[in-house]
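Below: one structure, written as structure tokens.
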Amino acid sequence: MIGRAPYLLLIAAFVAACAAEVARTPSVMQPAADGYPRLLELGSPAEVFTGTGYNRVLAAGTRWRLTGSIAQGAVYRASEGVLTLEGANIHEAYLVVRDRDLVGFFLPVEKAYSPLPQAVRLSISNP
Amino acid sequence: MPRSIRWLLAALALALLPACATGPRYAEVEKTLPKVAADKGRVWFYRSGIMFGAGIQPSVLLNGEKVGDSVPGGFFYVDRNPGSYEVLLSTEVDRKVTFTLESAQERYVRMTVGLGVIVYRVYPELVDPAEGRKEIVETSYIGGKDKK
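So the sequences go chain by chain: V and F.
Just add 62 to wherever you are in the first sequence, counting from 1, and you've got this note's numbering.
Just add 691 to wherever you are in the second sequence, counting from 1, and you've got this note's numbering.
Written out as structure tokens, the structure is:
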């Protein structure tokens with residue numbers, strides 16, 4: 063008779079593999095309205111607590127290009143490089159900015175908005 | 692030795708089996724690879740040659756279609772129309788990565804070995820192109836579905 067250890071390990075593995083899925087709600091991106099900066103450049107790093115256990119640091123000097131807007135704010139994508147949001151899966155993500163605050167992410171593939179637990183004030187130094 | 696321990700050791704031994712890519716190095720084939728067509732994007736897939744979990748070589752699925760295998764130290768690429776894509780490996784735990792692809796754009800998907808509770812597992816990550824270009828030179832061409 064096989065002991066309970068293998069079953070307990072299997073259960074533990076299953077639980078460990080079940081990271082939280084990225085919380086999101088469907089969203090439609092529209093062309094950006096006038097008034098939003100076309101480009102953002104971060105003057106200092108921004109540490110972002112995503113609430114999924116996989117946090118992100120947006121590096122100083124990174125540039126973000128206006129791509130559109132959603133109800134929650136303006137949408138900016140990385141001019142160079144790539145930003146992902148990670149939970150149970152990994153998603154390409156764009157910034158959603160409102161009044162210089164990063165309020166969440168737009169997931170272009172899922173066409174969804176993922177809010178941050180707490181907005182992050184961005185230090186913006188546009189070129 | 693308890694049967695459960697033997698079972699775990701067998702799984703560990705399987706995960707450590709050496710089975711690295713043996714194709715030509717990136718530098719050798721770089722010049723021979725066709726340029727991506729103007730109306731297509733290119734997705735590069737690569738995995739470091741680290742031996743941990745070398746025995747785990749899942750299929751690479753792009754939007755549900757098998758495009759290659761995740762082999763330690765290997766790389767391949769596929770060219771696709773612009774659009775939305777999802778990469779999934781046929782490991783014991785499904786963990787997908789999603790991204791968009793534009794015309795003439797190049798995306799790099801790194802397949803990373805992680806230590807699970809019982810065995811090693813492999814999962815995909817979308818990495819910066821600069822990082823991908825730097826890391827892929829350490830790998831060898833194993834060909835994907837678009838292999839010429």
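Note that the Cβ used here is the ideal one computed from N, Cα and C, for glycine as well.
These numbers come from a predicted model, not from an experiment.
Straight-line spacing of the CA atoms in Pro88/V and Leu128/V works out to 20 Å.
Under the three-state reduction of DSSP output, Gly105/V falls in the coil class, being neither helix nor strand. Contact note: Ser775/F reaches chain V through Pro170, Val171, using a C-beta cutoff of 8 Å and chain order. Under a 10 Å Cβ-count criterion, Gly115/V is classified as exposed, with fewer than 16 other Cβ atoms of the shown protein chains found around its own Cβ. Asn772/F and Glu142/V have their C-alpha atoms some 21 Å from each other. Following the DSSP letters along the chain, one finds Tyr776/F inside the beta strand (DSSP E) bounded by residues 774 to 780. Residues of the stretch 809 to 821 of chain F that bring their beta carbon within less than 9 Å of a beta carbon in chain V comprise Ile809, Val810, Arg812, Tyr814, Pro815, Glu816, Leu817, Val818, Asp819, Pro820, Ala821, in sequence order. Counting C-beta atoms within 10 angstroms of its own C-beta, Ile833/F has 16 or more neighbours from the protein chains shown and is therefore classed as buried. Taking the beta carbon of Arg738/F as reference, no residue of chain V falls within 8 Å; the closest one sits roughly 16 Å away. Of the candidates Asn151/V, Pro99/V, Ala108/V, Asn151/V places its Cα closest to the Cα of Val84/V. Excluding the 5 residues flanking it on each side, Thr782/F has same chain C-beta neighbours closer than 8 Å at Ile747, Pro749, Arg812, Val813, Tyr814, in chain order. In the structure shown, Val720/F adopts helical secondary structure according to DSSP, grouped into three states. The straight-line gap separating the alpha-carbon atoms of Phe766/F and Val159/V is approximately 37 Å.
Flagged as an interface residue toward chain F: Ala150/V, by a C-beta distance shorter than 8 Å.
Val119/V counts as exposed, since fewer than 16 other C-beta atoms from the protein chains shown sit within 10 angstroms of its C-beta. Taking 8 Å as the cut-off, the Cβ atoms of Val804/F and Trp735/F do not count as close.
Between Gln134/V and Val182/V, the beta carbon gap of about 14 Å keeps them out of contact (Cβ cut-off 8 Å).
Closer than 8 Å to the CB of Thr791/F there is at least one CB belonging to chain V. Nearest Cα to Val90/V within the set Ile186/V, Val171/V, Leu178/V: Val171/V.
Glu826/F sits in a helix when the DSSP states are folded into three classes. Following the DSSP letters along the chain, one finds Tyr156/V inside the beta strand (DSSP E) bounded by residues 156 to 160.
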